[in-house]
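Here the structure is laid out as structure tokens; the discussion comes afterwards.
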Amino acid sequence: MFSSKSATSFLLLAAVLAPAAAGAQTSVLIRDLPPMSITAPGMSYAFGGGGVELRVPTQGFILCANPLAPNQTPQFSTIALTPEYGGWALPTAKDIGTFTYGVGGNQIRINNGGFSAPSSLVCHVATTQGWPVTPFQGGLFYDTFEFQLPANPYGANENVLASVSGLTSTGGYAPRMLTQTYVSGGLWVYMYMFEVYGENRINSTSPNVNLRVRDAYDATRLGNTAWTCELDQIPAGNLDLRALCPSAQATSGNIEISYYLDSAPKRRYVIVHRVIQGSQPLGAEPLAGAAAFIDPRVPKADRYVGDNVVFSLPPQ
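Quick note: the sequence shown, position 62, residue 62 per the working numbering, numbers continuous.
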């Protein structure tokens with residue numbers, strides 16, 4: 001965990017680097033992910049309550065999470081990362097162990113460059129079109145979605161699988177989330193649905209690997225309150241998302257669902273309802289996204305396996 005002294009040192013460093021990081025050519029690297037370009041007005045930060053919040057606007061999307069529960073080891077640090085992209089509400093994540101600027105070029109590096117300390121921070125990145133940016137782009141997972149779950153590319157000793165897949169109206173796999181709208185009391189409601197799959201083959205006798213699912217949404221078009229539910233299976237035929245989720249539970253902000261993985265695969269269908277801002281869905285289409293994160297203590301689990309990110313529509 002970060003000490004007050006460490007947090008203060010980070011604050012001073014950020015104060016020096018923030019003006020330099022404002023240039024459009026600056027990029028941010030988080031762990032082993034490909035670099036993501038930073039846009040104006042550049043990195044900023046806020047300090048309060050003994051913690052630092054680092055805000056990084058990017059050309060593409062960065063979805064982050066802490067797959068470990070707060071009472072697990074390692075404990076979260078006092079430094080939080082809030083990715084920003086236009087009007088999108090993206091998850092905030094904690095546990096930044098190292099932060100440098102200028103190493104290897106005009107780059108901000110977060111838990112990157114020889115960082116080996118335990119960390120609960122996991123992120124996924126996607127382009128402005130909503131396609132994941134991964135080490136396998138143009139190769140193994142070129143289409144960024146699978147028609148059936150692919151074999152783990154890391155080998156038998158690192159076999160934890162997790163994916164978030166889009167669905168069609170008949171429940172088949174698709175590169176985007178299934179979306180529908182309806183009107184309730186004069187308000188338009190936007191619904192999106194995706195499939196979550198997770199399996200732990202490393203330590204099947206102890207379900208100690210955590211799979212966490214979080215969503216993101218365009219806050220200029222969709223409301224902060226969400227109604228969400230999970231299904232173990234979906235009916236055959238064309239899907240009516242309103243009928244499938246009649247008693248959805250309300251939550252605020254980004255949804256977050258956590259599963260502990262054991263030898264029994266976890267397969268869930270997640271449905272989310274959000275009210276469209278305005279009287280009717282005219283103009284820009286609503287957009288949403290979802291990502292899956294695995295406990296980073298598992299070897300390579302913070303890296304891309306299957307469809308870790310899926311969006312409702314290509315961002316415009």
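Just so you know, even glycine gets a beta-carbon here, dropped at the ideal spot from N, CA and C.
Ends of the alpha helix (DSSP H) at residue i?
i, result
"P244", "In the sequence as displayed, the identity of residue 244 is Leu instead of Pro. Note, L244: alpha helix (DSSP H), L241 to L244."
Whole angstroms is fine: what's the gap from residue i's alpha carbon to residue j's?
i, j, result
"S247", "R212", "23 Å"
"F2", "S120", "Any reading at F2 needs caution, since the residue's pLDDT is 44, under 50, leaving its predicted position unreliable; the model's value is listed next. In a straight line, the C-alpha of F2 is about 13 Å away from that of S120."
"D232", "K266", "9 Å"
"S95", "R221", "Just to set this straight, residue 95 is Asp in the shown sequence, not Ser. Taking the straight line joining both Cα atoms gives about 30 Å."
"Y190", "I294", "28 Å"
"Q249", "W227", "5 Å"
"C123", "G237", "35 Å"
"T128", "N224", "22 Å"
"W88", "A219", "5 Å"
"L167", "R176", "7 Å"
"G102", "P118", "24 Å"
"I255", "Y197", "17 Å"
"T181", "F311", "16 Å"
"L140", "L33", "Confidence at L140 is low in this model, with a pLDDT of 38, below 50, so the placement of that residue should be treated as unreliable; the coordinate-derived value is given next. So the two alpha carbons sit approximately 16 Å from each other."
"P314", "L287", "8 Å"
"S165", "Y192", "12 Å"
"G278", "P74", "43 Å"
Measure the CB-CB distance between residue i and residue j and report whether it falls below 8 Å.
i, j, result
"L81", "I110", "yes"
"A292", "A162", "yes"
"P83", "T100", "no"
"V298", "Y260", "no"
"L239", "G172", "no"
"A46", "R214", "no"
"V275", "L178", "no"
"G42", "T26", "yes"
Check the Cβ-Cβ distances between residue i and every residue of chain C, and say whether any is below 8 Å.
i, result
"D215", "In the displayed structure, chain C is absent; only one protein chain is listed."
Using CA coordinates, which residue listed in the options is at the minimum distance from residue i?
i, options, result
"I257", "A69, W188 and L287", "A69"
"G97", "I108, I79, Y85 and G86", "I79"
"A174", "L231, P35, V56 and V309", "V309"
"T92", "I276, W227 and A216", "A216"
"G51", "A226, S77, W131 and L261", "S77"
"L63", "P132, N238, T73 and N210", "P132"
"G105", "A290, F311 and S37", "S37"
"V270", "C229, S312, P35 and R214", "C229"
"R31", "P315, T73 and P296", "P296"
"F61", "V28, F47 and T181", "V28"
"S365", "G186, P235 and R201", "With the chain represented from 1 up to 316, any question about residue 365 goes unanswered, as that position is not in the structure."
"D307", "N112, N71, P286 and A290", "A290"
"V160", "D262, P286 and G186", "D262"
"G113", "A243, P35, G86 and R201", "P35"
"E199", "S44, A264, Q107 and Q25", "A264"
Return the first residue and the last residue of the beta strand (DSSP E) that residue i is part of.
i, result
"Q107", "Q107 to I110"
"A288", "A288 to I294"
"V298", "Careful: V298 lies outside any beta strand (DSSP E) and carries neither H nor E."
"M193", "L187 to N200"
"S312", "Taken as a continuous stretch (DSSP letters only), S312 belongs to no beta strand (DSSP E), as it is neither H nor E."
"I276", "K266 to I276"
"G113", "Run containing G113: none; DSSP gives neither H nor E here."
"L33", "Per DSSP, L33 belongs to no beta strand (DSSP E) and is neither H nor E."
"V164", "V160 to L167"
"A117", "Where A117 is concerned, there is no enclosing beta strand (DSSP E), given that its DSSP letter is neither H nor E."
"T127", "Here T127 belongs to no beta strand (DSSP E), and DSSP marks it neither H nor E."
"G223", "L222 to L231"
Checklist line | Continuous beta strand (DSSP E) assignments of at least 3 residues falling wholly in the stretch 47-100 | finding: As far as the stretch 47-100 is concerned, its whole beta strand (DSSP E) runs of at least 3 residues are 51-57, 61-65 and 79-84.
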